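Numbering (the numbering used here), first residue to last: 3 to 571.
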């Protein structure tokens, strides 16, 4: 491998042009700006050029610079080089067209693809940013007009390194020195800027600046990309001067790059403030980015050291989970001996838990299993990871009676699961509710088990809730911020309140009239009342059916009012 230097421009650029990749990472100017951080090395082969980056303790490749017919050859070389030098293959900032070509090839199963949205390039309409015309640019146009009003005598000109180097350096020191703390990335950016400034005579870049009262207050550095696009590498301005940022970009676009149509303003790095700022300029498209790994899948039971990764995966996949509910799950329900994980190298990509669940079937207790916490990291979805994990677990539990929740039934049908239990969701018409002044509310939690037992004796199949279940029941409700009301001699309700709705997630009643009496507790509420309940409830209200549980021992969906299970986890 040869270290990339400024003098390699004439050698490297033809390969960049041949690959014709979209995105700013394939720009030689970008490579030189950040080479002090990534220590880029390259090799040229008969059909391709490869580039290896070394950032801190991590090695990663750029996409091979070649044409599609040589992708496989280049990837094989990169993979072998990685093996020979003791680091895992990783290709960073791969664009969608490259990824799509690999995924549609006969060697696609050798690789795993991670969607990295924080690396996506923001692409804008050049004319819109230059003219500031149209409704979308109104706010930016107002800032620019304020700048013109306040500083009518400003001067824009191209900057010359012989005469302006010290001026730019002085401005950088002034602007960065005013900040509370200079981060490592900020220091690195300043170093990159100085590298570009000192190399202007050798690189195809334009540098422009705005002077106010003969003092430099803003400067911008840009270069040309493929696909009729301009890349903005650096845009620095005095933040105290309103409209200066729109002005410096507008001036650059008016003075240079007249043939180009698009402006690439790079990525947001996953920073929320930067994302909002870039979105506010109304990008016309995004250059989607991916990370590519060699596929090295292992499936195993979880170990103690895997728990934090599994918690992080849980939070990423289940956005409706709170800190409280997550803590409850991993404190009381998570068991590494019942948890299976799919890893690529050392990263957990998919996970699920399968736990014993006793079921009463026609007055006979049966030992069954319940699959829960099924998740795949969103960045790796649609690559068969969960399919692989599910098939492994089902083989391990071959011939066992297994249930799982059915938020998305279509996902589980290919694995032999069909709907086994349904609920109905009823929108309660308050006209059917009764007026009642006094309520016999109990705080005796022992009644929960008694009422559940009386309720379920009318069903042919239901979940057996043992002592350990009831010991956690109150904690589970608290973790979900659910409310519980026990009505003496009637039953109990578990419900959740939002601004618009009272949602009753469990209604255990001793007889049908008892259900109406309990529901009447909410009469007069301004909120909508929704009741999730078993299929035997018959109320003169709008209702719809949902699948709540699926089972792997059914040949087809079964909708039967004599079956009841209501489990979250």
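Each residue gets a CB set at the ideal place from its N, CA and C atoms; glycine is no exception. As the structure is a computational prediction, the values presented were derived from the model and not from experiment.
>> Within 10 Å of its beta-carbon, does residue 52 have 16 or more other beta-carbons around it, so buried, or fewer, so exposed?
In response: Counting from one through the chain shown, the residue named residue 52 turns up at place 50. Buried, since its Cβ has 16 or more Cβ neighbours within 10 Å.
>> Between 428, 564, 393 and 217, which has its C-alpha nearest residue 413's C-alpha?
In response: To locate residue 413, count along the chain shown from 1; it is residue 411. With distances taken between Cα atoms, residue 413 lies closest to 393.
> Going along the chain, which residues of its own chain have a beta-carbon closer than 7 Å to the beta-carbon of residue 454, five neighbours each way excluded?
Replying inline: The residue you call residue 454 lines up with position 452 of the chain shown. Counting only Cβ-Cβ distances below 7 Å, and skipping sequence neighbours, we find 467 and 510.
> Below 8 Å between beta carbons: does that hold for residue 547 and residue 426?
Replying inline: Here the question's residue 547 lines up with position 545 in the chain shown. Here the question's residue 426 lines up with position 424 in the chain shown. Yes.
> The alpha helix (DSSP H) with residue 11 in it runs from where to where?
Replying inline: In the chain shown, residue 11 corresponds to position 9, counting from 1. Element bounds for residue 11: 11-21.
> Between the C-alpha atoms of residue 158 and residue 171, what's the straight-line distance to the nearest angstrom?
Replying inline: Against the chain shown, residue 158 aligns to sequence position 156. Against the chain shown, residue 171 aligns to sequence position 169. Distance between the alpha carbons of residue 158 and residue 171: 18 Å.
>> Does any residue of chain B have a CB that is nearer than 8 Å to the CB of residue 280?
In response: This model lacks chain B altogether; it includes just one protein chain.
> Among the residues of its own chain, which have a CB less than 7 Å from the CB of residue 286, if the five just before and after it don't count?
Replying inline: Locating residue 286 in the chain shown gives position 284, counting from the first residue. So the qualifying residues of the chain are 125, 126 and 127.
> Should residue 29 and residue 227 be called a contact, given that it needs their Cβ atoms to be closer than 8 Å?
Replying inline: Taking the first residue of the chain shown as 1, we reach residue 29 at position 27. Taking the first residue of the chain shown as 1, we reach residue 227 at position 225. In contact: residue 29 and residue 227 (Cβ atoms closer than 8 Å).
> Closest to residue 11 by CA distance: which of 207, 423 and 274 is it?
Replying inline: Sequence index remark: in the chain shown, residue 11 carries index 9 (1-based). Answer by Cα proximity: 207.
> Within the chosen definition, does the region 487-500 reach the region 511-521 through at least 3 CB pairs nearer than 8 Å?
Replying inline: yes
> Start and end of the alpha helix (DSSP H) containing residue 411?
Replying inline: Counting from one through the chain shown, the residue named residue 411 turns up at place 409. Residues 411-414.
> Among 305, 499 and 65, which one has its Cα closest to the Cα of residue 26?
Replying inline: Here residue 26 is taken as the residue at index 24 of the chain shown, counted from 1. Checking every option, the nearest Cα to that of residue 26 belongs to 65.
>> With a threshold of 6 Å on Cβ separation, who are the neighbours of residue 17 within its own chain once the five nearest residues in sequence on each side are excluded?
In response: In the chain shown, residue 17 corresponds to position 15, counting from 1. Here the set comprises 51 and 67.
> DSSP on residue 184, reduced to helix/strand/coil?
Replying inline: The sequence position of residue 184 within the chain shown is 182, counting from 1. Low confidence applies to residue 184: its pLDDT is 48, below 50, so where it sits in the model is not reliable enough to give any reading.
>> Beta-carbon within less than 8 Å of residue 20's beta-carbon, same chain only, minus the 5 sequence neighbours each way: which residues are those?
In response: Locating residue 20 in the chain shown gives position 18, where the first residue counts as 1. Same-chain partners within the cutoff: 67, 68 and 69.
> Does the beta-carbon of residue 184 have 16 or more other beta-carbons within 10 angstroms, so that it is buried, or is it exposed?
Replying inline: Along the chain shown, read from residue 1 onward, the residue named residue 184 stands at position 182. Low per-residue confidence applies at residue 184: pLDDT is 48, beneath 50, and the placement is therefore not dependable enough to give any value.
> Exposed or buried, which one is residue 359 when buried takes at least 16 other CB atoms within 10 Å?
Replying inline: Counted from its first residue, the chain shown places residue 359 at position 357. When all chains shown are included, residue 359 counts as buried.
> Given that a residue counts as buried once 16 or more other Cβ atoms are within 10 Å of its Cβ, and exposed if not, what is residue 246?
Replying inline: The sequence position of residue 246 within the chain shown is 244, counting from 1. The residue in question, residue 246, is buried, as its Cβ has 16 or more Cβ neighbours within 10 Å.
> Can you tell which of 517, 465 and 541 has its C-alpha closest to the C-alpha of residue 367?
Replying inline: As a first step, residue 367 must be located in the chain shown, where it is residue number 365. Measuring from the Cα of residue 367, the nearest candidate turns out to be 465.
> How big is the Cα-Cα spacing for residue 391 and residue 89?
Replying inline: To locate residue 391, count along the chain shown from 1; it is residue 389. To locate residue 89, count along the chain shown from 1; it is residue 87. Straight-line Cα distance between these residues: approximately 26 Å.
> Does the distance from the CB of residue 377 to the CB of residue 353 come in under 8 Å?
Replying inline: The residue you call residue 377 lines up with position 375 of the chain shown. The residue you call residue 353 lines up with position 351 of the chain shown. Closer than 8 Å, so yes.
> Can the beta-carbon of residue 34 be found less than 8 Å from the beta-carbon of residue 205?
Replying inline: One-based indexing of the chain shown puts residue 34 at position 32. One-based indexing of the chain shown puts residue 205 at position 203. Yes, these two residues count as a Cβ contact at 8 Å.
>> Under DSSP, the alpha helix (DSSP H) around residue 85 begins and ends at which residues?
In response: Within the chain shown, numbered from 1, the residue matching residue 85 stands at position 83. From DSSP, the alpha helix (DSSP H) with residue 85 extends over 73-86.
> If you draw a straight line from the alpha carbon of residue 168 to that of residue 382, how long is it in whole angstroms?
Replying inline: In the chain shown, residue 168 corresponds to position 166, counting from 1. In the chain shown, residue 382 corresponds to position 380, counting from 1. One C-alpha to the other measures close to 48 Å.
> Do the region 228-235 and the region 138-150 make contact, defined as three or more Cβ pairs closer than 8 Å?
Replying inline: no
>> Only counting the same chain, and skipping five residues up and downstream in sequence, which positions put a Cβ closer than 6 Å to that of residue 294?
In response: Start at 1 with the first residue of the chain shown, and residue 294 comes out as number 292. The residues are 93, 96, 113 and 115.
>> Does residue 52 come out as helix, strand or coil in the three-state DSSP assignment?
In response: Position 50 of the chain shown, counted from the start, is the residue given in the question as residue 52. The answer is strand: DSSP assigns residue 52 an E or B state.
> Which full runs of the beta strand (DSSP E) of 3+ residues lie inside the region 96-137, going along the chain?
Replying inline: 113-117 and 123-127
>> Can you give me the C-alpha to C-alpha distance between residue 444 and residue 281, rounded to a whole angstrom?
In response: For the purposes of this step, residue 444 is taken as residue 442 along the chain shown, with counting starting at 1. For the purposes of this step, residue 281 is taken as residue 279 along the chain shown, with counting starting at 1. Near 54 Å, if we compare the C-alpha coordinates of residue 281 and residue 444.
> Can you tell which of 305, 330 and 119 has its C-alpha closest to the C-alpha of residue 273?
Replying inline: Position 271 of the chain shown, counted from the first residue, corresponds to residue 273. The shortest C-alpha separation from residue 273 is found at 119.
> To which residues of the same chain is residue 326 closer than 8 Å at the C-beta, ignoring the five residues directly before and after it?
Replying inline: Here the question's residue 326 lines up with position 324 in the chain shown. Closer than 8 Å at Cβ, skipping near neighbours: 480, 481, 482 and 483.
>> Alpha carbons only, please: which of 130, 81, 569 and 37 is nearest the one belonging to residue 374?
In response: The residue labelled residue 374 in the question sits at position 372 within the chain shown. That would be 569, whose Cα lies nearest to the Cα of residue 374.
>> Using 8 Å as the cut-off, can you tell me whether the region 530-547 makes contact with the region 423-437, which would need three or more C-beta pairs spanning the two stretches below that distance?
In response: yes
>> Given this structure, state the Cα-to-Cα distance separating residue 7 from residue 45, to the nearest angstrom.
In response: Sequence index remark: in the chain shown, residue 7 carries index 5 (1-based). Sequence index remark: in the chain shown, residue 45 carries index 43 (1-based). Those two C-alpha atoms are separated by around 13 Å.
>> Are the CB atoms of residue 146 and residue 335 within a distance shorter than 8 Å?
In response: Taking the chain shown and counting its residues from 1, the one referred to as residue 335 is at position 333. Taking the chain shown and counting its residues from 1, the one referred to as residue 146 is at position 144. Not in contact: residue 335 and residue 146 (Cβ atoms no closer than 8 Å).
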